[in-house]
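Everything below concerns the one structure shown next.
Protein chains: 2
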Amino acid sequence: MAATDDAYAALPAHARETHLLASTSALLAWDQETGMPSGAGDVRSRQLALLARLAHERATDPRVGEWLAVCAADPRCAADPDREPNVRCLRRDFDRATKLPPSLVAELAELESRSQQEWAVARARSDFRRFLPWLERMVALQQQKADCLRAPGQSRWDALADLYEPGMNARDLAALFGPLQRALVALRERLAGGSSPSAGFAREPVPEANQEALARAVLAAMGFDFERGRVDRSAHPFCTNTGGDVRLTTRYRPDGALDALGSAMHEGGHGLYEQGLEPVHLGTPLGEPVSLGIHESQSRFWENHVGRSAAFWQWCWPLVERHVGAAWSGRRPDDVFRAVNRVQPSLIRVEADEATYDLHVMVRFALERQLLAGELGAANLPEAWNALYRDHLGVTVPDDRHGCLQDVHWAAGLFGYFPTYTLGNLYAAQFAAAADRALGGLPGLIARGQFAALREWLRRHVHRHGRRHEPADLCRLVTGAPLSSAPFLDHLDHKLRTVYAS
Amino acid sequence: MAATDDAYAALPAHARETHLLASTSALLAWDQETGMPSGAGDVRSRQLALLARLAHERATDPRVGEWLAVCAADPRCAADPDREPNVRCLRRDFDRATKLPPSLVAELAELESRSQQEWAVARARSDFRRFLPWLERMVALQQQKADCLRAPGQSRWDALADLYEPGMNARDLAALFGPLQRALVALRERLAGGSSPSAGFAREPVPEANQEALARAVLAAMGFDFERGRVDRSAHPFCTNTGGDVRLTTRYRPDGALDALGSAMHEGGHGLYEQGLEPVHLGTPLGEPVSLGIHESQSRFWENHVGRSAAFWQWCWPLVERHVGAAWSGRRPDDVFRAVNRVQPSLIRVEADEATYDLHVMVRFALERQLLAGELGAANLPEAWNALYRDHLGVTVPDDRHGCLQDVHWAAGLFGYFPTYTLGNLYAAQFAAAADRALGGLPGLIARGQFAALREWLRRHVHRHGRRHEPADLCRLVTGAPLSSAPFLDHLDHKLRTVYAS
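Each protein sequence line maps, in turn, to chains A and B. With positions in the first sequence counted from 1, the corresponding number in our numbering is that position plus 642. With positions in the second sequence counted from 1, the corresponding number in our numbering is that position plus 642.
Here's what the structure looks like:
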């Protein structure tokens, strides 16, 4: 097995170096969103393009193909519990990378950086026409990318979506999303008739420093490791892994104390996943997150199943009194619990409540398939967007800033990505139900602030596996069942009965 | 000339890509000093080592040698005013890079990052023994590096110093520094007999936010472009160019308002140099700073010839009243002018006054030559350091934190670097005298806040040339004379007579 041992030793060593380039790019992108002066954008785009080209050169090094062939020829490699998943994933990564021409990779990296900067300006001015040429160019390049990647008979959208959620395709998703969409629209219409809980008090101004202190206290209680992580602010909250540490952002508006905390808990859930990967496997498939849907399940778990529970606000109340103080005076934990669960169809995805959020995703799922297929021209996006918002959410879009310019994803080259948000919601509900059974009831743990038990359960059952299991297999391993929307709808039904009954 | 044109076109294109890797490393290093969590240090060192190796691979690409040979063979290239300096500098860079083995380059980059982190801990604890093995390893690798680079008969120190100040060698420096040292020691002893101006009021606490507002206001008046730059805080102020923008740091202590402003003006001077390079030449020798001595002349110009002038404090007074307010109440501009020019031999280089600063440099100049030559073992550094401080500055070092652990430079692999600080002081004084003649008197311009005239004079005569002229030639071009310590000693003598007369 000497030749196999050599080949197997070379593979992860090579992957680790490629990962150092990728994590360097992550730091550059983090800086672009958190502090880079506007005049530096042009050079930053070129730096990112060069790093993408270098990473792609390494990922397509013919020696990788040779090492993989040696490993594949040795049956003992397939029988080894660590080698098998590493070789399987590296094979998939290599096959994908070699399908893309280096020029396209560099061109896309540069366009992604530039087009995000252009999008930010266009969005601030609600000027879709300004962004249109960038979107058209992006769709064209994504179509090229998909055409390079797709198997015979596979759609462009499926080829791209598989990058984010291995094994996912539009047909299976449509089968899952169709009934879910009908159930959510029905729920939205049913609740529209009743009286909503009051949430106005939560818009009382809270100083930014107090919001930040509250967010940090909750993140610390969740177990986010500040020795291997940072929290900053950005226009749009995100989480990224810069190799040695994990960086979250949230945002603070005077009237947005609940939003700031919710975003921090959401990104904190992503951060715990990244910090829960095994350091010994850093830079190799066993040390990488398995899919964006599973990643999102971790953020949704903490944002919704913890942060939007009645138990959480009981536990959190001393922190609220300390950091929010007078702004919410006279209120009780139950008032906040009801406020954060108020259902109100809205224009902006990232501000949506838990019951209508997935309807926002479905709008994008429909539109990006049409854009990639060439059935919808980018110039007609606003009209199509606004029509679907009327249909799915019952709201009228007043301008493109509150419409199709609201999200950075398409400007950042992320097509086939949005549905992972809804998958994350479904996985999260199914994981939460499993954790509830395994740990003898989540509400009690949460009310007592015993977050370590939750975090360790997630680490043991989800984080530490890295890419060992395919997402669908992981779901069955963790919960004993294939992915279904039933636990999510049960969770919503159970909670909203409480919220809307009182 | 077609072959030459092709070769000449390839050279700067290649240099620009190498520069993108170098500026990416600069961002990683900036992040390491300003915000990186401690747990990320290990991966950061590996990222920097990989980027250094990739940059070195590109810099030693054999095609560069071929392109340079084609250009050298064409006499029209030597006659072209832009091609000649680019080819000359790229030839020098290529010859240097090819002398260093890739393994040493990567090993040094990783050690430099790790050893800085270790130094920070050792310094905080004043624990030289903890740092000793890192220093020993660093000296050994720097000796290897110097042995690779040096010409027959050239000393190790000279080979390294030439990286920072092309054309500089220890013999010439000793000839310049010897008389200067005697003059400065004599000045220190003379002033020790008289009565010093009062500076205690300047240690009254000033809130950090006010110090920061003052620093930003002065930087804006100097013409620092915040669209292509940032100001942050770090333990040790520095300035770096991350490619598309220039990043300064300063530091804020409640009792250190003058220090914070002085550091900001110093780093701001570096920043104006970087921002004054021609953007069209970015990444090629004509768009790079020519030497660290010239770089330092720009920081010293703003820190000392502007910031420590009586005229500056007249102009600055409304900003002082606005941002410092009550802390200095009852004081007048002249009080601050005298306070910032108080001569007081001290332990810490970066806190030294203008008249004793260079004595700190001379201690390091002597010791690093001995370390590289193998005449002084790293273990004996504290003793040798403390002896020279007694001799040059007349002070007793109480512990290594206030002694040989105070500077990051040796931990960062910078040997042969310190004398550029004194060269900067000398260049700055000679440039200031030339600007004073050319602009009809600096004090009047400074008192009226007409910094644009100063900045443009420096841009036209120094910044925009990049590496077109060798430092010694640039000095003659700008001032009409070779470098001398006379203008610096004249400047000190003139100013200190005013300060110590009143």
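Built from N, CA and C at the ideal position, the CB exists for glycine as well. Note that the structure is predicted; figures quoted are calculated from it, not measured.
Residues near residue i in its chain [Cβ-Cβ closer than 6 Å; skip 5 each side]
i: Ala701 of chain A; result: Thr660, Ala739
i: Gln1085 of chain A; result: For the record, residue 1085 of chain A in the displayed sequence is Pro; it is not Gln. Around Pro1085 of chain A: Ala953.
i: Gln674 of chain A; result: Arg686
i: Pro1129 of chain A; result: Ala1071, Gln1072, Ala1075
i: Ala803 of chain A; result: Met810, Gly1058
i: Ser665 of chain B; result: Thr884, Gly885
i: Glu996 of chain B; result: Asn946
Close Cβ partners of residue i (< 7 Å) along its chain, the five nearest in sequence each way excluded
i: Trp709 of chain A; result: Ala649, Ala652, Leu653
i: Ala801 of chain B; result: Ala788, Leu791, Arg792
i: Gln785 of chain B; result: Arg798, Leu1014
i: Ile1088 of chain A; result: Val948, Ser951, Ala953, Phe954, Trp957
i: Ala1070 of chain B; result: Ser939, Arg942, Phe943, Asn946, His947
i: Leu861 of chain A; result: Val873, Ala906, Gly910
i: Gly935 of chain B; result: Glu807, Thr1062, Leu1065, Gly1066, Tyr1069, Pro1113
i: Ser757 of chain B; result: Trp776, Met780, Ala1053
i: Gln759 of chain A; result: Gly683
i: Val1120 of chain A; result: Phe1073, Ala1076, His1103, Val1104
i: Ser876 of chain A; result: Glu675, Thr676, Thr891, Arg893
i: Asp1042 of chain A; result: Ser768, Phe770, Pro1024
i: His1044 of chain B; result: Leu989, Ile990
i: Arg1110 of chain A; result: Pro727, Leu928
i: Val966 of chain B; result: Val848, Asn852, Leu856, Ala899
For residue i, the residue or residues it bridges with in DSSP
i: Thr884 of chain A; result: Partner(s): none; Thr884 of chain A has no beta bridge.
i: Val747 of chain B; result: DSSP lists no partner for Val747 of chain B.
i: Asp874 of chain B; result: B:Thr891
Cβ-based neighbour list, residue i, same chain, cut-off 8 Å, excluding 5 preceding and 5 following
i: Pro1124 of chain B; result: Ala1114, Cys1117, Arg1118
i: Glu726 of chain B; result: Cys719, Ala720
i: Val1037 of chain A; result: Pro987, Ser988, Leu989, Tyr1031
i: Phe736 of chain B; result: Ala701, Thr702, Val706, Gly707, Leu710
i: Ala668 of chain B; result: Thr882, Asn883, Thr884, Gly885
8 Å Cβ cutoff, residue i in contact with chain D
i: Pro727 of chain A; result: Reference to chain D is not applicable here, since the protein chains of this structure are A and B.
Contact between the region 1017-1030 of chain B and the region 742-759 of chain B is defined here as three or more beta-carbon pairs at a separation below 8 Å; is this criterion met?
no
| query | Given 8 Å as the limit, is there contact between the region 887-901 of chain B and the region 1073-1082 of chain B, that is, 3 or more CB pairs closer than that? | reply | no
Residues within the region 662-689 of chain A neighbouring chain B, beta-carbon criterion of under 8 Å: For the region 662-689 of chain A, the set of positions with a beta-carbon nearer than 8 Å to some beta-carbon of chain B reads Leu662, Leu663, Ser665, Thr666, Leu669, Leu670, Asp673, Gly677, Met678, Pro679, Ser680, Gly681, Ala682, Gly683, Asp684, Val685, Arg686, Arg688, Gln689 in chain order.
For this session: Check each residue of the region 864-879 of chain B: if its Cβ is closer than 9 Å to any Cβ of chain A, include it; give the result in chain order.
Result: Cβ proximity to chain A below 9 Å picks out Asp867, Phe868, Glu869, Arg870, Gly871, Arg872, Asp874 from the region 864-879 of chain B.
* Length at least 3, wholly inside the region 776-819 of chain B: the beta strand (DSSP E) runs in chain order -> The qualifying runs do not exist here; there are none.
message = Under 8 Å, CB to CB, which of the residues in the region 693-704 of chain B have a partner in chain A?
response = Those would be Leu693, Leu696, in chain order.
Would you say the region 817-835 of chain B touches the region 927-934 of chain B, given that touching needs at least three Cβ pairs under 8 Å?
no
Problem set entry | Start-end ranges of the alpha helix (DSSP H) lying completely within the region 1052-1107 of chain B, minimum 4 residues | 1061-1081, 1084-1089, 1093-1103
Give the residues from the region 825-846 of chain A that approach chain B closer than 7 Å (Cβ to any Cβ), ordered along the chain. none
Should the region 729-746 of chain B be regarded as contacting the region 691-706 of chain B, the criterion being three or more beta carbon pairs within less than 8 Å?
yes
Query raised in the report: Does the region 770-779 of chain B come close enough to the region 1056-1063 of chain B that 3 or more CB-CB pairs lie under 8 Å?
Result: no
Notebook entry, point to check: Are the region 675-686 of chain B and the region 877-890 of chain A in contact at 8 Å, needing three or more beta carbon pairs?
Noted result: The count of Cβ pairs closer than 8 Å, one atom from the region 675-686 of chain B and one from the region 877-890 of chain A, reaches three, so the stretches are in contact.
*Using a Cβ cut-off of 8 Å, which residues of the region 876-910 of chain B contact any Cβ in chain A, in chain order?*
Thr884, Gly885, Gly886, Asp887
Near-chain A residues of the region 744-778 of chain B - C-beta to any C-beta below 8 Å: Listed by position along the chain: nothing, the set is empty.
Practice problem: State whether the region 828-838 of chain A contacts the region 850-857 of chain A, with contact taken as three or more CB pairs (one from each stretch) at a distance under 8 Å. | Solution: no
query: So does the region 863-872 of chain B actually touch the region 1005-1012 of chain B, counting three or more Cβ pairs closer than 8 Å?
result: The region 863-872 of chain B makes no contact with the region 1005-1012 of chain B: fewer than 3 CB pairs, one atom from each, lie closer than 8 Å.
Q: Below 7 Å between beta carbons is the criterion; list the residues of the region 918-949 of chain B that meet it against any residue of chain A, in chain order.
A: none
* To do: For the region 979-996 of chain A, enumerate the residues whose C-beta is nearer than 9 Å to any C-beta of chain B, in chain order.
  => none
**Message:** Which runs of the alpha helix (DSSP H) at least 4 residues long sit entirely within the region 930-962 of chain A? Give them in chain order.
**Reply:** 934-942
- Query: Mind listing which residues of the region 644-664 of chain B have their C-beta closer than 9 Å to chain A's C-betas, in chain order?
  - Reply: For the region 644-664 of chain B, which is checked against every Cβ of chain A, the residues closer than 9 Å are Arg658, Glu659, Leu662, Leu663.
Counting only runs that start and end within the region 835-876 of chain A, where is the beta strand (DSSP E) found for 3 or more residues in a row? 871-875
- Message: Give the list of continuous alpha helix (DSSP H) stretches no shorter than 4 residues that lie fully inside the region 679-723 of chain B.
- Response: 683-701, 704-714, 717-721
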